[in-house]
Amino acid sequence: MHYLKVGIAFIFLGIFSANAQYTETINSNRPGESQGAYAVGKNVLQLEAGGYFGNDNHTLFNSDTDILGASYGLRYGFLTEILELNFFGSFQDQVTSIPVGNSSDEFRFSNFKSNTLGAKFLVFDPGVSVKERKVNLYSWKANQRLNLRSLIPAVSVYAGANFSWWENPYMFEGESKISPKAALITQHNWGRWVLVMNFIADKFTEEYPSYGGIFTLTHAITPKFAVFGEFQTYISDLYADDLVRGGAAYLFGKDFQVDISGLFNFKDTPSRWQVAAGVSYRFDFHDDDEYIEDTYEGDRNQRGEELEETGFYKENEDVNGSKD
12 MHYLKVGIAF
22 IFLGIFSANA
32 QYTETINSNR
42 PGESQGAYAV
52 GKNVLQLEAG
62 GYFGNDNHTL
72 FNSDTDILGA
82 SYGLRYGFLT
92 EILELNFFGS
102 FQDQVTSIPV
112 GNSSDEFRFS
122 NFKSNTLGAK
132 FLVFDPGVSV
142 KERKVNLYSW
152 KANQRLNLRS
162 LIPAVSVYAG
172 ANFSWWENPY
182 MFEGESKISP
192 KAALITQHNW
202 GRWVLVMNFI
212 ADKFTEEYPS
222 YGGIFTLTHA
232 ITPKFAVFGE
242 FQTYISDLYA
252 DDLVRGGAAY
262 LFGKDFQVDI
272 SGLFNFKDTP
282 SRWQVAAGVS
292 YRFDFHDDDE
302 YIEDTYEGDR
312 NQRGEELEET
322 GFYKENEDVN
332 GSKD
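Residue numbers (the numbering used here): 12 to 335.
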């Protein structure tokens with residue numbers, strides 16, 4: 012069975028093939044903030060949503076802010092296996108308390124923190140474009156050499172637009188209602204380990220552009236359960252920070268995932284922590300019956316036996332006992 016992906020898409024897709032191929036199990040970006048290099052699959056509609064709460068404590072402003080919010084995402088594989096249209100956003104309510112004498116003043120506001128419509132396109136897939144090294148029947152040593160193919164990542168490009176429809180306290184003064192966002196996405200697949208890197212330029216036409224990166228490492232402990240660690244950096248004159256996230260996800264069936272995660276940073280202007288939980292659900296309207304080849308361990312028959320053990324194949328058995 013394909014191993015669970017947390018916060019990232021983690022399966023090699025043979026998507027430059029003339030035949031449509033897609034993953035047997037849901038491919039979610041949650042609970043991390045990075046995007047994986049691969050799309051969800053042609054005619055696949057996927058919902059990803061969750062809630063979070065936390066606190067920001069700013070020593071310079073002597074302020075304490077309680078935060079409650081919801082994040083959401085909608086992803087759709089459009090026309091081809093290598094193109095994904097998506098929409099991501101969040102709505103946040105926060106209460107800021109500032110001491111004044113023996114009491115404190117409170118300021119509360121709620122609004123959309125972000126809404127971004129975009130498209131992701133896979134430009135290079137090493138699983139298809141790079142030939143796999145053949146086994147040398149005459150040299151054990153030659154077979155133990157580093158496989159350079161495993162060092163070549165899948166590469167995608169992302170382009171999107173940020174939207175804000177009315178006066179919004181999360182926007183800086185003078186910010187446009189529509190602003191651009193772009194990213195370069197890479198993904199390495201090493202057995203049960205997956206490394207995803209996002210290099211992001213956000214609002215780069217505005218007075219205060221933001222640049223940064225997200226680096227996510229995922230490990231599948233079992234076919235249903237995986238953990239992840241993530242580092243994110245922001246570089247901007249308006250807000251600069253380094254964040255660390257960690258968490259886990261569990262797979263229920265082929266189309267439903269739940270997750271939990273946490274966040275903290277290293278500075279005190281402000282110091283931040285958050286905890287979050289969410290779900291991902293896939294509506295699979297894929298028309299073709301083909302699946303990708305196994306790029307992890309063992310052959311396809313072995314993976315089929317693993318799926319039978321988890322019960323994922325039982326609902327797909329036809330009257331002749333064969334499986335999709």
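Even for Gly, the Cβ is constructed at its ideal location relative to N, Cα and C.
DSSP three-state assignment for residue i, whether helix, strand or coil
i    : result
L274 : strand
V139 : helix
L206 : strand
R41  : coil
T127 : strand
L71  : coil
T107 : strand
V51  : coil
S175 : coil
E95  : strand
D57  : For the sequence presented, residue 57 should be read as Gln rather than Asp. It is a strand residue.
F294 : strand
Q313 : Only weak support is given to the placement of Q313: the predicted model assigns it a pLDDT of 35, under 50, and the question is left unresolved by the model.
Y169 : strand
Y181 : coil
F64  : strand
F215 : coil
T306 : Bear in mind that the predicted position of T306 carries a pLDDT of just 35, short of 50, making it unreliable; the figure below should be weighed with that in mind. Residue state, collapsed to three classes: coil.
S221 : strand
Outcome for residue i when other beta-carbon atoms lying within 10 angstroms are tallied against a minimum of 16
i    : result
D136 : buried
F99  : buried
T216 : exposed
A260 : buried
S167 : buried
R314 : The pLDDT assigned to R314 is 35, lower than 50, so where the model puts this residue is not dependable; a value taken from the coordinates is nonetheless given after this. That one is buried.
G258 : buried
R311 : Legend: pLDDT at R311 = 30, less than 50; position of this residue unreliable, value from coordinates given subsequently. The residue in question, R311, is exposed, as its Cβ has fewer than 16 Cβ neighbours within 10 Å.
S121 : exposed
V207 : buried
E117 : exposed
D253 : exposed
E95  : buried
A50  : buried
E178 : exposed
F172 : A small correction: the amino acid at residue 172 is Ala; Phe does not occupy that position in the sequence shown. So A172 counts as exposed.
F263 : exposed
F239 : buried
Y87  : buried
Y63  : buried
V111 : exposed
Y250 : exposed
N40  : buried
Start and end residues, beta strand (DSSP E) containing residue i
i    : result
K192 : I189 to W201
I163 : I163 -> no beta strand (DSSP E), and no H or E assigned at all.
T76  : S74 to G88
E113 : Correcting the residue type first, residue 113 is Asn in the shown sequence and not Glu. Premise fails: N113 is in no beta strand (DSSP E) and is neither H nor E.
E35  : Careful: E35 lies outside any beta strand (DSSP E) and carries neither H nor E.
Check: residue i C-beta below 7 Å from any heavy atom of the ligand FAD
i    : result
D270 : The model on display carries no ligand, and the ligand FAD is accordingly not part of it.
> Hey, which unbroken runs of the alpha helix (DSSP H) at 4 residues or more fall wholly within the region 224-287?
Replying inline: none
> Is there contact between the region 49-59 and the region 211-230, where contact requires at least three CB pairs shorter than 8 Å?
Replying inline: no
> On the three-pair Cβ rule with 8 Å, is the region 36-46 touching the region 67-81?
Replying inline: no
> Do the region 261-271 and the region 288-298 touch if we need at least three Cβ pairs shorter than 8 Å?
Replying inline: yes
>> Measuring CB atoms only, is the region 82-89 touching the region 229-246, in the sense that at least three cross pairs come out at less than 8 Å?
In response: no
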